[in-house]
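S.K.: The structure under discussion is supplied below as structure tokens; questions concerning it will follow.
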Amino acid sequence: NGDEAGAQAGSGKLMTRAAIKYISTITALLAGLTGVVMIGTFGSFLGFTVFVGFFFILGEKKQGFPDMIAKTAVFNKTDLA
Numbered sequence: 001n002g003d004e005a006g007a008q009a010g011s012g013k014l015m016t017r018a019a020i021k022y023i024s025t026i027t028a029l030l031a032g033l034t035g036v037v038m039i040g041t042f043g044s045f046l047g048f049t050v051f052v053g054f055f056f057i058l059g060e061k062k063q064g065f066p067d068m069i070a071k072t073a074v075f076n077k078t079d080l081a
């Protein structure tokens, strides 16, 4: 994974990307640990939003919603600077 410019992405950007990608799982775990059902419901909504955002991959930039927010992109290893 790299940043939008094609350089190697930093760990902060990659952590942000992963957190957005797995937001539904993170909130479900948090809801289970705290017993607050509303957190799980909100997480399901966020998860659906991220799911719909994956259709952005079909666009010109070929970036999903998590990539757009974290300003990352997926490249072949040989293409990274």
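Under this note's numbering, the first residue of the sequence shown carries the number 1, and numbering increases by one thereafter. For every residue, glycine included, the Cβ atom is placed at its ideal position computed from N, Cα and C.
Starting from the C-beta of Gly134, find all residues in its chain whose C-beta is less than 7 Å away, skip the five residues before and the five after it, and write them out in chain order.
M.R.: Nothing about residue 134 can be read from this structure; the chain reaches only from 1 to 81.
S.K.: Round the Cβ separation of Lys71 and Glu4 to the nearest angstrom and send it over; I've been treating them as touching at under 8 Å.
M.R.: 5 Å
S.K.: I'd like to confirm something about Phe56: is its beta-carbon nearer than 7 Å to some heavy atom of the ligand SAM, or not?
M.R.: Among the components of this structure there are no ligands whatsoever, and the ligand SAM is therefore not found.
S.K.: Classify Ala73 as helix, strand or coil using the three-state DSSP reduction.
M.R.: strand
S.K.: Please list, in chain order, all residues of the same chain as Asp79 whose beta carbon is under 7 Å from its beta carbon, the five residues on each side excluded.
M.R.: Gly6
S.K.: Distance, Cα to Cα, Ile39 vs Thr49?
M.R.: 15 Å
S.K.: Rounded to whole angstroms, what's the CA-CA distance from Ala31 to Ala19? Just pull it up for me.
M.R.: 16 Å
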